[in-house]
Amino acid sequence: MENRNPGPVFLDGLGKGRKDLTTQKWFNKVGLKGEAMDLVSPDGGSSVDWIRGSLATQTKQTLKWYKAYFNAPAGDEPLALDMRSMGKGQVWINGQSIGRYWMAYANGDCSLCSYVGTFRPTKCQLGCGQPTQRWYHVPRSWLKPTQNLVVVFEELGGDPSKITLVKRSVAGVCADLQEHHPNAEKFDIDSHEESKTLRQAQVHLQCVPGQSISSIKFASFGTPTGTCGSFQQGTCHATNSHAIVEKNCIGRESCFVTVSNSIFGTDPCPNVLKRLSVEAVCSTGITTNQPDSRR
Numbered sequence: 001m002e003n004r005n006p007g008p009v010f011l012d013g014l015g016k017g018r019k020d021l022t023t024q025k026w027f028n029k030v031g032l033k034g035e036a037m038d039l040v041s042p043d044g045g046s047s048v049d050w051i052r053g054s055l056a057t058q059t060k061q062t063l064k065w066y067k068a069y070f071n072a073p074a075g076d077e078p079l080a081l082d083m084r085s086m087g088k089g090q091v092w093i094n095g096q097s098i099g100r101y102w103m104a105y106a107n108g109d110c111s112l113c114s115y116v117g118t119f120r121p122t123k124c125q126l127g128c129g130q131p132t133q134r135w136y137h138v139p140r141s142w143l144k145p146t147q148n149l150v151v152v153f154e155e156l157g158g159d160p161s162k163i164t165l166v167k168r169s170v171a172g173v174c175a176d177l178q179e180h181h182p183n184a185e186k187f188d189i190d191s192h193e194e195s196k197t198l199r200q201a202q203v204h205l206q207c208v209p210g211q212s213i214s215s216i217k218f219a220s221f222g223t224p225t226g227t228c229g230s231f232q233q234g235t236c237h238a239t240n241s242h243a244i245v246e247k248n249c250i251g252r253e254s255c256f257v258t259v260s261n262s263i264f265g266t267d268p269c270p271n272v273l274k275r276l277s278v279e280a281v282c283s284t285g286i287t288t289n290q291p292d293s294r295r
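The UniProt record's numbering applies: residue 1 is where the sequence shown begins, and numbers increase by one.
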């Protein structure tokens, strides 16, 4: 390996101004002292003295260790840590690393959206000014009923008092699909690849385990517009859309509805490419005990 002069080397942030290390003997050390002391484990963390949280959060100091204890939330919903108040670092739960975090905020302009003209990656951006990472999954299999240890090593400075453990709660599901546009898995190819069978497109609604579809908030077969949460009827609409989807899906954990005139009766607008947009509400305690429905 070559040995070259690295150039001027200065050390800042010690409270005594800048220190020139250019002519001094110095080296890089891999790893952190806290890791060597095993601060991330329950046993290692109890071997050192910690400052109480009210004092630790008064200044956003860099390169700092934090720890706290929490009880496992009831239920079986997926869990995650909301790290939005922090900067950059790593998190451990009961000695297990859930990975590094970095609250890098997205640049761009999300105020305008038009796909007219040549496509550019900067068109119709989402999440401008928001952290590109925020929620970090916490496996429930790592947790005990009580006294779970969370350790955070913060590199840039943040507010650990605002870190929260959240559940993923699914209140509803959506589907939006055009007719004659089935998913790739709906294509059948025989062993000689001489023919293809095109099946009709189907929308698939599925709640999380333990929940079922309790109501249909929106359903329209025709030319609906908008996105999940803001669907609207278009100029073409099959009047029985809501009834068809409701009959096929209410009380089931999941269901399929074929996007076809044969399902919704007469063609609401001949010679027009139609789509089916659905928004359903998921709830617990409502089920028909029937298998997945396909229509």
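Note that beta-carbon positions come from the ideal geometry of N, C-alpha and C, so glycine has one too.
Contact annotation: the region 36-46 touches the region 95-105, with at least three C-beta pairs closer than 8 Å. Collapsing the DSSP output to three states places asparagine 261 in a helix. When secondary structure is reduced to three states using DSSP, alanine 243 falls in the helix class. Take glutamate 77, set aside five residues on each side of it, and the residues of its chain with a beta-carbon closer than 7 Å to its own are Lys167, Arg168, Ser169, in chain order. Judged by beta-carbon spacing, asparagine 240 lies beyond the 8 Å limit of phenylalanine 218, meaning their Cβ atoms are not closer than that value.
By the Cβ-count criterion, tryptophan 50 is exposed, with fewer than 16 other Cβ atoms from all chains shown falling within 10 Å of its own Cβ. Burial check for arginine 252: the Cβ neighbour count within 10 Å reaches 16 or more, so the residue is buried.
For tyrosine 66, the closest C-alpha among the options Gln178, Gly7, Gly210, Gly34 is that of Gly34. Here DSSP, grouped into helix, strand and coil, assigns proline 8 to coil.
Pairing threonine 22 with valine 151, the inter-Cα distance amounts to about 36 Å. Taking a cut-off of 8 Å on C-beta distances, the region 105-112 does not touch the region 197-216, as fewer than three cross pairs fall below it.
Contact between the region 67-74 and the region 119-137 is absent: fewer than 3 CB-CB pairs across the two stretches fall below 8 Å. Closest by C-alpha distance to methionine 83, out of Gly17, Gly172, Phe27, Gln130, is Gln130. For the pair cysteine 236 and valine 257, the Cα-to-Cα distance works out to about 19 Å. Arginine 140 and leucine 79 do touch by the CB rule: their CB atoms are close to 6 Å apart, below 8 Å. DSSP places tryptophan 142 in the helix class (H, G or I) of the three-state scheme.
DSSP places serine 169 in the coil class of the three-state scheme, outside both helix and strand. Residue burial is scored here from C-beta neighbours: phenylalanine 153 has at least 16 other C-beta atoms within 10 angstroms and is therefore classed as buried.
The Cβ atoms of glycine 87 and glutamate 155 sit closer than 8 Å to each other.
The Cβ-Cβ distance between leucine 177 and phenylalanine 221 does not fall below 8 Å.
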